[in-house]
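Beneath this line is the structure, given in structure tokens, with notes to follow.
Number of protein chains: 2
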Amino acid sequence: MSVQSVERALDVLEALADHGGEAGLSEIAARTGLPYGTIHRLLQTLLTRGYVRQESDRRYALGGALVRIGGAAERLVGAWAEPYLTKMVELSGETANMAVLEGDFVVYVAQVPSPRRLRMFAEVGRRVLPHSTAVGKVLLAGHPNAAAVFERTGLPRRTEQTITSIATMMTELSVVARQGYAMDLGEEESGVHCLAVPVADGSRVVAAMSVSGPVERVSALDRDELARGLRKIAGDFGAEVFGARSRPAENVRMRG
Amino acid sequence: MSVQSVERALDVLEALADHGGEAGLSEIAARTGLPYGTIHRLLQTLLTRGYVRQESDRRYALGGALVRIGGAAERLVGAWAEPYLTKMVELSGETANMAVLEGDFVVYVAQVPSPRRLRMFAEVGRRVLPHSTAVGKVLLAGHPNAAAVFERTGLPRRTEQTITSIATMMTELSVVARQGYAMDLGEEESGVHCLAVPVADGSRVVAAMSVSGPVERVSALDRDELARGLRKIAGDFGAEVFGARSRPAENVRMRG
DNA sequence: CCACTCTTTTCCACTCTGCGGAAAACTGAT
DNA sequence: ATCAGTTTTCCGCAGAGTGGAAAAGAGTGG
Numbered sequence: 409m410s411v412q413s414v415e416r417a418l419d420v421l422e423a424l425a426d427h428g429g430e431a432g433l434s435e436i437a438a439r440t441g442l443p444y445g446t447i448h449r450l451l452q453t454l455l456t457r458g459y460v461r462q463e464s465d466r467r468y469a470l471g472g473a474l475v476r477i478g479g480a481a482e483r484l485v486g487a488w489a490e491p492y493l494t495k496m497v498e499l500s501g502e503t504a505n506m507a508v509l510e511g512d513f514v515v516y517v518a519q520v521p522s523p524r525r526l527r528m529f530a531e532v533g534r535r536v537l538p539h540s541t542a543v544g545k546v547l548l549a550g551h552p553n554a555a556a557v558f559e560r561t562g563l564p565r566r567t568e569q570t571i572t573s574i575a576t577m578m579t580e581l582s583v584v585a586r587q588g589y590a591m592d593l594g595e596e597e598s599g600v601h602c603l604a605v606p607v608a609d610g611s612r613v614v615a616a617m618s619v620s621g622p623v624e625r626v627s628a629l630d631r632d633e634l635a636r637g638l639r640k641i642a643g644d645f646g647a648e649v650f651g652a653r654s655r656p657a658e659n660v661r662m663r664g
Numbered sequence: 409m410s411v412q413s414v415e416r417a418l419d420v421l422e423a424l425a426d427h428g429g430e431a432g433l434s435e436i437a438a439r440t441g442l443p444y445g446t447i448h449r450l451l452q453t454l455l456t457r458g459y460v461r462q463e464s465d466r467r468y469a470l471g472g473a474l475v476r477i478g479g480a481a482e483r484l485v486g487a488w489a490e491p492y493l494t495k496m497v498e499l500s501g502e503t504a505n506m507a508v509l510e511g512d513f514v515v516y517v518a519q520v521p522s523p524r525r526l527r528m529f530a531e532v533g534r535r536v537l538p539h540s541t542a543v544g545k546v547l548l549a550g551h552p553n554a555a556a557v558f559e560r561t562g563l564p565r566r567t568e569q570t571i572t573s574i575a576t577m578m579t580e581l582s583v584v585a586r587q588g589y590a591m592d593l594g595e596e597e598s599g600v601h602c603l604a605v606p607v608a609d610g611s612r613v614v615a616a617m618s619v620s621g622p623v624e625r626v627s628a629l630d631r632d633e634l635a636r637g638l639r640k641i642a643g644d645f646g647a648e649v650f651g652a653r654s655r656p657a658e659n660v661r662m663r664g
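First to last, the protein sequences are chains A and B. The opening residue of the first sequence carries number 409 in the numbering used here; numbering runs sequentially from there. The opening residue of the second sequence carries number 409 in the numbering used here; numbering runs sequentially from there.
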């Protein structure tokens, strides 16, 4: 049995979020179907706690307490990813990573290393330019400001394979957007191949997951089959973290 | 009259946030004083909506829905700052900006221009290196990884005044931390002075606010008095956005 | 300045939701 | 198997939360 008032308060917050972060009481009523008095009472409670603010025109907006508590939750995402990265290691035999965009850089936020003695390693916290990594290509494919990022950072050559032309890179990104995964064929590090897939919150790509290892081993894998498997795992992860949305859903209990 | 169940659900979320993002039910009980049954019922509601997750060891953690809704709130912070930046323009006569750290860069997220014909302008969205800006110094003063940032970015000379030595910069940052404001004395742009102060969420500096203008005008102002005034305004802003915390507080209604 | 319309806020009688203590179940250690 | 600590479930009850209606507020046009 759930707590109705809490469900309703979350409905109100999500109505605000869906309305660009700000709405009038009657707009919230339209989205939630709740009576004005009920909405008003819930909003007053959220107001006093800083989760909602009221503008000078009496409209309501999401509040600063959400920024703080959202930041606290964000710092946990890497830890949540580990069981899924473990599955990727099991599937491919290679080291699995998760990365996010931080400004113009790719930052590795989680990793599960391959059990093999010869393995790729990229320390968590490491930041690299996006152009020469598979995760970087995934994060920028479909990104409205991808060209601007490349204009700012340039595409410095890392290996003989590195793509150094913005035009070639934009073509590459449209391929990535179409096929749903990106490859790094020795572009960041000679002799290392990498395949990366998106982690999405709805239609927004919020992270990328990848597997990487020596070219001989990675190129021996069936690329499309590997991509399908990795996409499935990344999709499950995205659904677990972001999937619950205004409807009760069975939450997968993570097992150690 | 507030909604008790909603207050309690927020208490539970904040107890999790204060406990590193993750806690057992009895730890939440210790922090909130609520009965186990009550906490459990509230957690189940938050669980089904994705605002909380349960780990394999039955402990609870903040959930992905907070990441999403926190991000939605974060996109509004710049708009909230404008009335305070307006006050800073009124106080100083100069253009006022707010900036945040995004990776190794300073990004301007809000601005209110000076009414004068001769005025500073930095377009919202512009990203600059932190070493040669007052806001950058504020954001990195006291930051545990400040030296690492400078090692990555370097301190390229922008003007004759730019600080280009990491050692000198670290000394400068300790002065900034002590006096509570930073100056840019023509370091980013010749002939332009800038004074910046922190916006804090508790002890965390989350943004910086500044005023900047031609050296003749800015240096004619009483620096300490200006800093005091700007700190007061930035403090009010921080208190408004982040201040409400587990206790009902009068929320300042912003006026157009 | 007034009337109108739409929106937000307040009120209050009522009912059913949320409460919390106790019991049951679970988990890890011995 | 037992124990201790923790989490989950149950259920009678009372007061918290409800929602319709009225009051109040704000913006607009004449």
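Backbone N, C-alpha and C define an ideal beta-carbon position, used for all residues, glycine too.
For residue i, the three-state DSSP class (helix, strand or coil)
i        : result
GLY501/A : coil
PHE355/A : Outside the shown range of chain A (409 to 664) lies residue 355/A, about which nothing can therefore be said.
ARG534/B : coil
GLU595/A : coil
VAL583/B : helix
VAL411/B : coil
ARG416/A : helix
ARG655/B : The predicted position of ARG655/B is uncertain, since its pLDDT is 34 and thus under 50; a value taken from the coordinates is nonetheless stated next. ARG655/B: coil per DSSP, three-state reduction.
ARG524/A : coil
MET662/B : Because the pLDDT at MET662/B is just 25, under 50, the model does not fix this residue reliably, and the value given afterwards should be weighed accordingly. Correct three-state label for MET662/B: coil.
ASP630/A : coil
GLY646/A : helix
LEU424/A : helix
Check whether residue i and residue j have beta carbons under 9 Å apart
i        : j        : result
ALA480/B : GLY429/A : yes
LEU433/B : LEU451/B : yes
SER618/A : ASN505/A : yes
GLY458/B : GLY472/B : yes
ALA542/A : TYR492/A : no
LEU563/B : SER540/B : yes
LEU424/A : LEU470/A : yes
VAL520/B : ALA615/B : no
ALA489/A : PHE645/A : yes
VAL546/B : VAL649/B : no
SER410/B : THR453/A : yes
HIS427/B : ARG439/B : yes
ILE477/A : LEU474/B : yes
VAL515/A : GLY511/B : yes
ARG625/A : GLY501/A : yes
PRO538/A : THR561/A : yes
LEU554/B : MET591/B : A small correction: the amino acid at residue 554/B is Ala; Leu does not occupy that position in the sequence shown. No. Outside cutoff.
Sheet register partners of residue i (DSSP bridge)
i        : result
ALA604/B : ALA590/B, SER618/B
GLU430/B : ALA469/B
ASP609/B : ARG612/B
Integer-rounded CB distance, given that residue j should sit under 8 Å from residue i
i        : j        : result
LEU593/A : LEU638/A : Contact flag wrong, Cβ pair sits at about 17 Å.
ARG416/B : LEU442/B : 6 Å
VAL607/A : PRO622/A : Contact flag wrong, Cβ pair sits at about 25 Å.
VAL584/B : ALA549/B : 4 Å
ARG483/B : PHE513/B : With a Cβ gap of about 18 Å, ARG483/B and PHE513/B do not count as contacting.
ARG527/A : THR494/A : Wrong, their Cβ atoms sit about 14 Å apart, outside the cutoff.
ARG605/A : ALA575/A : It should be noted that the sequence gives Val, not Arg, for residue 605/A. The Cβ separation is near 25 Å, so there is no contact.
VAL414/B : SER413/A : 6 Å
Complete runs of the alpha helix (DSSP H) confined to the region 440-520 of chain A [at least 4 residues]: You should have 444-456, 472-482, 485-500.
Quick check on the DSSP output: what are the complete beta strand (DSSP E) runs of length 3 or more inside the region 546-576 of chain B, in order along the chain? Here no run is fully enclosed.
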